[in-house]
Each structure stands twice: as structure tokens, then as C-alpha cells.
Amino acid sequence: MRILEEYQRRLNVAVIIILFILFMGGMFVMRCLAGKVAAYNDFQTILDLRLGYSFVECQSYIWGLGEAGRWFYANCFFYVDIGYMIIYNIFYFSALSFLLEKTGLKKYKFVLFFPLLSFVFDLGENLLIRKMIKDFLAIGQGICYTSNIFTVLKFIFTYGSLGVCGLLVVVLIKHHVAR
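Okay, so the sequence shown: first residue is 3 according to the numbering used here, each after it adds one.
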């Protein structure tokens, strides 16, 4: 608990702005790379960004990437995605922490678990997709469905973090207007 309090004490608007700029820059790079991966497969949406896919769709997508697309996904996109995942989760955690402190709503600290859970599910999803790409000749249904579930949970907790940040900004604005 003291670590969190020390972290919150060091956060300020400048840190949040820097993290936001890193977050947006990372998003730009990821969108460009996702487009490059999609180009290997008739511009189909990558598995990381699909909200639900069947075993057959997963298998078809990975086969459709071809050798060059699978190599690019597993050896380039994967590592950039890991870096982006770390950046956006640090941003959301920091923004939530900062906003909880500024609004005085410290009793809702449980929302700080949203970015952490998003991180866990995104990492799991990335590792499973990479494994499926590496073992594309023998993709199991279990790993495909687990990856799909992790993708959905990642989106739930990522957008949950975004939604809570938005609500806390509204609360903060209301507090300042009321003063």
C-alpha cells in the first residue's frame, strides 16, 4: 500500500501528459504494423483486434498469412505489441491512480486492477497467438478458444479502464466547477 501511495505522490499532470503522448505514439505504430500484418492476408483484421473468432477462422487466418506473414507476426509485431501493451497499461494505471487521488475517491482503488488484468490477458493472448503461429500446422481448438477468451477479457478491462478514466475526469471537472 505504501508503494502505491509513493507512486501516487510522484504523479503529476506532466507525467500523465508524457505517458499519454507515449500511449498515442505507440497506438500509431501499432496501427501501422497491424496494417502491415493484415496486408499479408488480404487485409483481414488481425486476431489481436477481433472480438471473437472461431477455430476455423483462426486456422484460416494463420494459414492465410503465409510464411512471410507468420514470420513478421511472430518476430516483429509480437515484440512491438508487448512494448505497446506495457506502455498503455502503465498509462491507464497512472491515469487512474492520479484521478483517484485528485477526486478523493481513494476507496475505489480496486479499479487499479483493471489495467493490471488487461495486461495479464493481453500478454496471455499474445503468447497464445504467437504459439499458434509457430505451431500453425497443429493448432489445437483449446488454444484457439483460450486466446479468443483472453482477447475479449483484454478488451473488457482495457475499455473498462478507459471508461473509469472518463468518469473520473467528469467527477474532477464537477469538483472544480463547484468550487
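Ideal placement from N, C-alpha and C gives every residue a C-beta, glycine not left out.
For Thr47, the CB contacts under 7 angstroms within the same chain, skipping 5 residues up- and downstream, are Ala40 in chain order.
In the structure shown, the three-state DSSP call for Gly54 is coil. Remark: C-beta atoms of Phe116 and Phe57 do not approach each other more closely than 7 angstroms.
Within the same chain, Ala76 come within 7 angstroms of Lys136 by CB-CB distance, once the 5 residues on both sides are set aside.
For Ile48, the secondary structure class from DSSP, reduced to helix, strand or coil, is coil. With a contact defined as Cβ atoms closer than 8 angstroms, Leu13 and Ser96 qualify at about 6 angstroms.
In the three-state reduction of the DSSP assignment, Asp137 falls in the coil class, being assigned neither a helical nor a strand state. Fewer than three beta-carbon pairs drawn from the region 49 to 63 and the region 162 to 171 are found closer than 8 angstroms, and the two stretches are therefore not classed as touching.
When the alpha-carbon of Val122 is set against those of Ile151, Lys109, Gly106, Lys111, the nearest one is in Ile151. If you draw a straight line from the Cα of Leu49 to the Cα of Ile131, it is about 8 angstroms long. Spatial neighbours of Met87 in its own chain (CB-CB distance under 6 angstroms, excluding positions within 5 residues in sequence) are listed in chain order as Asp124.
Comparing alpha-carbon positions, the option among Glu127, Leu155, Ile92, Lys133 lying closest to Ile19 turns out to be Ile92. Around the beta carbon of Lys176, fewer than 16 other beta carbons sit within 10 angstroms, so the residue counts as exposed.
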